[in-house]
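Colleague:
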Amino acid sequence: MASNYQAPRGTFDILPADGRMRRRIEATATAIFARAGYEPIATPAFEDTELFERGVGRSTDIVRKEMFTFEDKGGRSLTLRPEGTAPICRAYLEHGMHKLAQPVKLSYAGPFFRHERPQAGRFRQFHQLGVEAIGTDSPLADAETIMLLADLLGELGVPGVELRLGSLGSPPARAAYLEELKAHLRAHEAELSKDVRERIEINPLRAFDADDEGTRGVMESAPTIVERLEGEDADHFAEVRALLEAAGVAYTIDPTLVRGLDYYTRTIFSFVCSELGAQSEVGGGGRYDGLIEQLGGSPTPAIGWAAGIERIMLALGEAEEAPGRDVFLAVAEDGREARARALAVAAELRHAGLSAEVDLAGRSLKGQLKHADRIDAARVLIFEADGSAQLRDMRSGEQRPVEPGSLIEAIGGERG
Ligand code: HAM
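Each number in this note's numbering comes from the position in the sequence shown (counting from 1) with 7 added on.
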């Protein structure tokens with residue numbers, strides 16, 4: 008039964024085997040966020056294009072090449088959200104959240120859209136979960152948010168995870184550093200790749216990302232911002248490191264760490280997984296102390312991160328097995344009444360917190376037992392034509408009559 012249509016390039020269907028693992032990832036994250044007081048927020052799937060141009064930055068790959076932008080019927084330019092931080096800052100301003108106790112600690116999960124070349128771990132519609140702590144410049148917030156992502160990856164059992172930490176300094180320090188870096192690149196122009204050479208003025212930091220030998224050679228002797236941190240920037244970074252160390256979170260300093268969004272200031276970080284190929288980052292983020300102001304608010308420091316659900320799933324590898332059922336309700340002889348009773352009892356059992364299924368396909372008793380086996384039901388409740396019921400233990404094969412009035416007790420009591 009092939010269809011004439013396929014999911015669009017770079018997108019995918021989430022089938023039940025994947026859906027189960029997603030549910031576990033989201034449930035684990037939700038519990039971790041709730042325990043730390045990061046309240047849920049959700050923003051629309053699309054926003055004014057200008058929000059991302061201003062927020063994410065016009066020189067970034069995301070804004071230059073990767074946005075799904077369209078005009079609505081009123082001629083407004085809208086864009087499917089490529090990321091969640093600018094929209095959340097927009098919501099923070101729109102709803103006057105600066106009047107709440109600061110910082111406002113938020114968490115989110117949902118689909119995001121980037122028109123990238125699809126490959127393993129890189130999609131055009133993907134899913135992120137993340138947190139933002141808005142309204143504090145305390146290094147405690149940097150350390151806390153980083154610890155939440157470390158906890159999430161740890162609790163999920165993501166193998167081979169490494170935390171890379173860096174700092175971009177504050178804007179004036181960064182500007183001075185960028186001039187120094189540009190001078191270094193210009194002095195070695197002939198050895199650089201064409202791509203890097205053309206972007207010395209717009210985005211010199213990208214040179215650290217290049218993989219051609221010539222550029223790499225030049226970058227080995229390039230100055231790094233981490234070496235140039237001074238004053239409060241240096242103190243902030245030292246305190247974040249000390250807090251992580253005190254909490255036993257392992258990290259490596261990566262002086263060449265760069266991120267693909269323009270709003271970052273000071274702390275940036277990236278969790279990479281050795282099990283993944285080219286797209287090895289499972290999650291990352293950093294401070295964005297200037298973003299709210301950039302969007303028209305008063306200066307409001309903030310920090311957060313997002314993790315890619317698909318990347319986490321790839322790193323975890325195996326699909327989650329279907330869970331067994333507590334009970335399957337079968338009818339010995341086909342008949343409307345017996346089936347109605349089975350359905351009503353199934354509902355009661357579900358209300359009592361048990362997993363219970365009935366036959367929806369009109370199978371014979373033999374077919375029902377076979378199906379119960381297939382879905383790994385621990386026991387089967389068989390309704391006889393005379394109104395009596397038998398409870399069969401599918402592991403031992405033992406079968407015994409049960410009183411209709413004490414079905415829940417009979418089954419609930421033996422749950423497991
Ligand atoms: P980002 O680094 O662009 O940051 O994306 C965060 C994560 O989303 C990545 O580490 C990766 O796991 C996943 N991801 C990104 N693009 C794709 C893709 N095309 N396919 C699959 N997964 C992808 C942000 O989006 C920032 N908003 C994070 C942040 C929050 N910074 C501060 N607060």
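Think of the CB as a built atom: it goes at the ideal place given N, C-alpha and C, for glycine as much as any other residue.
Taking just the CA atoms, how far does residue 327 sit from residue 365?
Modeller: Answer to the nearest angstrom: the Cα atoms are 23 Å apart.
Colleague: Taking the continuous alpha helix (DSSP H) assigned at residue 40, which residues delimit it?
Modeller: Looking at the DSSP string, the run of the alpha helix (DSSP H) that includes residue 40 is 23–42.
Colleague: State the DSSP-derived secondary structure class of residue 274, mapped to helix, strand or coil.
Modeller: Three-state result, residue 274: strand.
Colleague: Identify, in the order they occur along the chain, each residue of the same chain with its Cβ nearer than 6 Å to the Cβ of residue 307, setting aside the five sequence neighbours on each side.
Modeller: Counting only Cβ-Cβ distances below 6 Å, and skipping sequence neighbours, we find 142, 299.
Colleague: Taking only heavy atoms of ligand 1 into account, decide whether any of them is closer than 8 Å to the Cβ of residue 130.
Modeller: Yes; taking the cut-off as 8 Å, the Cβ of residue 130 has a heavy atom of ligand 1 nearer than that.
Colleague: What are the boundary residues of the alpha helix (DSSP H) that includes residue 184?
Modeller: Where residue 184 is concerned, the enclosing alpha helix (DSSP H) stretches over 178–194.
Colleague: Provide the residue span of the alpha helix (DSSP H) that contains residue 378, from first to last.
Modeller: Residue 378 -> alpha helix (DSSP H) spans 372–381.
Colleague: Give the DSSP bridge partners of residue 112, in chain order.
Modeller: Paired residues: 140.
Colleague: In three-state DSSP terms, what is residue 325?
Modeller: Of the three classes helix, strand and coil, the one that applies to residue 325 here is coil, per DSSP.
Colleague: Which residue wins for smallest C-alpha separation from residue 163, given the options 33, 268, 68, 331?
Modeller: Looking at the Cα atoms, 33 is the closest of the given residues.
Colleague: Check whether the Cβ of residue 99 sits closer than 8 Å to any heavy atom of ligand 1, and report yes or no.
Modeller: Residue 99: no, Cβ never under 8 Å from ligand 1.
Colleague: What are the partner residues of residue 280, as DSSP defines its beta bridges?
Modeller: 168, per the DSSP bridge assignment.
Colleague: Give the DSSP bridge partners of residue 310, in chain order.
Modeller: Answer is 140, 294.
Colleague: Between the Cα of residue 400 and the Cα atoms of 418, 309, 178, which residue gives the shortest distance?
Modeller: Comparing Cα positions, the closest option is 418.
Colleague: Ends of the beta strand (DSSP E) at residue 384?
Modeller: Looking at the DSSP string, the run of the beta strand (DSSP E) that includes residue 384 is 384–390.
Colleague: So, at 7 Å on beta carbons, what are the nonlocal neighbours of residue 148 in its own chain, with the 5 sequence-adjacent residues on each side left out?
Modeller: Same-chain partners within the cutoff: 110, 140, 310.
Colleague: Label residue 12 either buried or exposed according to how many other C-beta atoms from any shown protein chain fall within 10 Å of its C-beta, with 16 as the threshold for buried.
Modeller: By the 10 Å Cβ count, residue 12 comes out exposed.
Colleague: Suppose the cutoff is 6 Å on Cβ atoms and the five residues either side in sequence are ignored; what does the same chain contact list for residue 349 look like?
Modeller: The residues are 336, 338, 365, 390.
Colleague: When the Cα of residue 363 is compared with those of 381, 233, 331, which residue comes out closest?
Modeller: Selected option, being the one with the closest Cα: 331.
Colleague: Considering Cα atoms alone, identify which of 44, 372, 220 is closest to residue 114.
Modeller: Ranking 44, 372, 220 by Cα distance to residue 114 puts 44 first.
Colleague: So residue 218 is in the alpha helix (DSSP H); what residue range does that whole segment cover?
Modeller: Where residue 218 is concerned, there is no enclosing alpha helix (DSSP H), given that its DSSP letter is neither H nor E.
Colleague: Within a Cβ cutoff of 6 Å, which residues of the same chain sit near residue 24, ignoring the five residues on either side of it in sequence?
Modeller: These residues qualify, in order along the chain: 326.
Colleague: Should residue 275 be labelled buried (16 or more other beta-carbon atoms within 10 Å of its own) or exposed?
Modeller: When all chains shown are included, residue 275 counts as buried.
Colleague: Would you mind sorting residue 358 into buried or exposed? The rule is 16 or more other CB atoms within 10 Å of its CB.
Modeller: Per the 10 Å Cβ criterion, exposed.
Colleague: Name, in chain order, the residues that DSSP records as bridge partners for residue 120.
Modeller: DSSP lists 132 as partners of residue 120.
Colleague: Do residue 240 and residue 291 have their C-beta atoms within less than 9 Å of each other?
Modeller: No, the pair does not count as a contact, with Cβ atoms beyond the cut-off.
Colleague: Identify which residue in 75, 286, 230, 171 has its Cα closest to the Cα of residue 293.
Modeller: Measuring from the Cα of residue 293, the nearest candidate turns out to be 171.
Colleague: Based on the DSSP output, what are the partners of residue 301 in its beta bridges?
Modeller: Answer is none; residue 301 lacks a bridge partner.
Colleague: If you draw a straight line from the alpha carbon of residue 185 to that of residue 231, how long is it in whole angstroms?
Modeller: Those two C-alpha atoms are separated by around 9 Å.
Colleague: From which residue to which residue does the beta strand (DSSP E) around residue 55 run?
Modeller: Start and end: 53–55.
Colleague: For a quick check, are the C-beta atoms of residue 479 and residue 158 less than 9 Å apart?
Modeller: Since the first residue shown for the chain is 8 and the last is 423, residue 479 is missing from the structure and cannot be characterised.
Colleague: Relative to the C-alpha of residue 68, which candidate in 204, 209, 153 has its C-alpha closest?
Modeller: The shortest Cα separation from residue 68 among 204, 209, 153 belongs to 209.
Colleague: I want to know whether the stretch 95–107 touches the stretch 50–65 - three or more CB-CB distances under 8 Å.
Modeller: Verdict: yes, contact present.
Colleague: Quick check on DSSP: helix, strand or coil for residue 229?
Modeller: In the structure shown, residue 229 sits in coil (DSSP, three-state: anything other than H, G, I, E or B).
Colleague: Following the continuous beta strand (DSSP E) through residue 155, name the residue where it begins and the one where it ends.
Modeller: From DSSP, residue 155 is part of no beta strand (DSSP E) but of the alpha helix (DSSP H) over 146–163.
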